[in-house]
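**Q** Numbering (this note's numbering), first residue to last: 444 to 774. Idealized CB from N, CA, C, for every residue including glycine. Every value quoted in this text rests on a predicted model; they were computed, and no experiment measured them. One structure coming up, written as structure tokens, with questions to follow.
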Amino acid sequence: MRNLLTASAALIVLCICCKCNAQIPSNPIVWGINGHPLTQLAYYNNIDEQVSQLNDLKLKSYRFDVLLDSNGYAKKEQLFVQLLTKLKVNNIAALPVLMQSGLKGLDNESIYQKSYTQGQNFATRYGKYLSVLEVNNEADNKMMLPGDPSGKTRADYNIEKSQKIIGAIKGFIDGLKSKNQNVRVTLSVSYIHYYYLQLLKDNNVNYDIIGCHWYSNMGPIGAARPKGDDVLSEFKRRFNKPVWVTEVNYSKGTGKVSFARQSQYFAECIPDLISRGVKAVFIYELYDQPALKNKDPNEACYGLVFRDDSGNYVTKDAYQGIKQIIQNYSR
């Protein structure tokens, strides 16, 4: 890979070193990154390259989406198992984000029962590869009412829809844990959507980790926009579960800002997250996705790596920035 570490990025790395040396936590941080090796064009046919890049960055977990069939098995099963095996050989933990199917048109009880069976099937077939997984992704955003609700109160949510989504998640987790009690489950939540976590609590959903998604447009996590919420303190006070930040980046990535500014955001944000007790940090994401530029341009440029016009993998400033952050926290 070619390296685009500029003079400005070098200064950022120097700043990172100073910050990290002063804030090394007593317990090791889980360092991870997001990717889409089973679902997005930019990641197809280069699993070896992705694993090599994760090893180079010293990342120990890979979070990626997996589409399931109606029985709870991976739709691209051969590729999924190959990926799980390759990650395990390289001592990289897989964190699959499981996307259920086959539940449309069912009533709430049937959704729970079918999801329970899906969870059992998934655990039986793939459980030996996994220590942690996620069910659904940003389900909070899928059950909120139109407009721009804060996500903090019951009035912000479509409660009827929420019961179906939560029933599916709960059923899958219950089935999964009936076969594998040791697997941990993280569920993602965006921004200040506290009431989604309250819905999980009220419905006795048996998950283990709050997977927070945080981007620059939300403000600092200790003083979130617009009213200065200390989000992690609120999570701890109300739900008392470990918090992993399973997505973090500058909003819209380098589609809106320079490579140096993206790297600077990580230098500012990650030490703050760790100083506030976050147990894991997952960058969003490994590769840019140019195929999304027409359909969803805001999602196209989040990567630490892009491909140039010749098809070569080129690292952005943040690639070296993240590498330096991890190195300093690992001393």
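Span of the alpha helix (DSSP H) holding residue 658?
**A** It is not in any alpha helix (DSSP H) - residue 658 instead sits in the beta strand (DSSP E) that spans 652-658.
**Q** Should residue 495 be listed as close to the ligand ADP, given that the test is whether its C-beta is under 7 Å from any heavy atom?
**A** Ligands displayed in this structure: none; no statement on the ligand ADP is therefore possible.
**Q** Please go through the region 541-623 and give each complete beta strand (DSSP E) segment of 3 or more residues, from N-terminal end onward.
**A** Listed in chain order, they are 575-578.
**Q** When we look at the beta-carbon of residue 765 and count the other beta-carbons within 10 Å, is it buried (16 or more) or exposed?
**A** Label assigned to residue 765: buried.
**Q** My parser needs the alpha helix (DSSP H) runs of 4 or more residues fully inside the region 472-504; what are they?
**A** For the region 472-504, whole alpha helix (DSSP H) runs of length 4 or above, ordered along the chain, are 490-500.
**Q** Going along the chain, which residues of its own chain have a beta-carbon closer than 8 Å to the beta-carbon of residue 653, five neighbours each way excluded?
**A** Answer for residue 653: 629, 630, 632, 640, 678, 682, 684, 685, 686 and 687, listed in chain order.
**Q** Are the CB atoms of residue 478 and residue 515 nearer to each other than 8 Å?
**A** In this structure, residue 515 does not lie closer than 8 Å to residue 478 by Cβ.
**Q** Assuming residue 532 contacts residue 506 (C-beta within less than 8 Å), just tell me the rounded distance between them.
**A** That pair is no contact at about 18 Å.
**Q** Just to confirm the assignment: which complete beta strand (DSSP E) runs, minimum length 3, are found wholly within the region 631-703?
**A** Fully enclosed beta strand (DSSP E) runs of 3 or longer: 652-658 and 686-692.
**Q** Whole angstroms is fine: what's the gap from residue 759's alpha carbon to residue 701's?
**A** When rounded, the distance between both Cα atoms is 10 Å.
**Q** State buried or exposed for residue 732, treating a residue as buried only when at least 16 other CB atoms are found within 10 Å of its CB.
**A** Residue 732 is buried by the Cβ-count criterion.
**Q** Where residue 615 and residue 560 are concerned, what is the direct C-alpha to C-alpha distance, given to the nearest angstrom?
**A** Going from the Cα of residue 615 to the Cα of residue 560 covers about 7 Å.
**Q** Who does residue 726 pair with in a DSSP beta bridge?
**A** Residue 726 pairs with 476 and 691.
**Q** Taking 8 Å as the threshold (C-beta atoms), are residue 605 and residue 642 in contact?
**A** In this structure, residue 605 lies closer than 8 Å to residue 642 by Cβ.
**Q** Given a cut-off of 8 Å on the beta-carbon distance, is the pair residue 660 and residue 694 in contact?
**A** Yes, the pair counts as a contact, with Cβ atoms nearer than the cut-off.
**Q** Could you give the first and the last residue of the continuous beta strand (DSSP E) run that contains residue 757?
**A** From DSSP, the beta strand (DSSP E) with residue 757 extends over 756-758.
**Q** How many angstroms separate the CA atom of residue 480 from the CA atom of residue 494?
**A** About 11 Å.
**Q** Classify residue 552: buried if its beta carbon has 16 or more other beta carbons within 10 angstroms, exposed otherwise.
**A** The residue in question, residue 552, is exposed, as its Cβ has fewer than 16 Cβ neighbours within 10 Å.
**Q** Please report the straight-line C-alpha distance between residue 697 and residue 670, rounded to a whole angstrom.
**A** In a straight line, the C-alpha of residue 697 is about 27 Å away from that of residue 670.
**Q** Under the rule that 16 or more other beta-carbon atoms within 10 Å means buried, what is residue 689, buried or exposed?
**A** Buried: at least 16 other Cβ atoms inside 10 Å.
**Q** Could you check how far apart the C-beta atoms of residue 524 and residue 575 are, in whole angstroms? I think they sit under 8 Å.
**A** Not quite, the Cβ-Cβ distance comes to about 18 Å (not below 8 Å), so this is no contact.
**Q** Look at the alpha carbon of residue 651 and the alpha carbon of residue 644, and state the distance between them as a whole number of angstroms.
**A** So the two alpha carbons sit approximately 11 Å from each other.
**Q** Between the C-alpha atoms of residue 589 and residue 773, what's the straight-line distance to the nearest angstrom?
**A** Whole-angstrom Cα-Cα distance: 44 Å.
**Q** Using alpha carbons as the reference points, say which of 723, 530 and 692 lies closest to residue 491.
**A** Closest option to residue 491, Cα to Cα, is 530.
**Q** Indicate whether residue 528 and residue 510 have their beta-carbon atoms separated by less than 8 Å.
**A** Taking 8 Å as the Cβ cut-off, residue 528 and residue 510 do not qualify as a contacting pair.
**Q** Output yes or no for whether 8 Å exceeds the beta carbon distance between residue 476 and residue 728.
**A** A contact, by the Cβ cut-off of 8 Å.
**Q** Can you name, in chain order, every residue of its own chain whose Cβ lies under 6 Å from the Cβ of residue 657, other than the five neighbours on each side?
**A** Same-chain partners within the cutoff: 664, 688 and 691.
**Q** Verify whether the separation of the beta carbon atoms of residue 554 and residue 598 is less than 8 Å.
**A** Their beta carbons are not under 8 Å apart, which means residue 554 does not touch residue 598 by this criterion.
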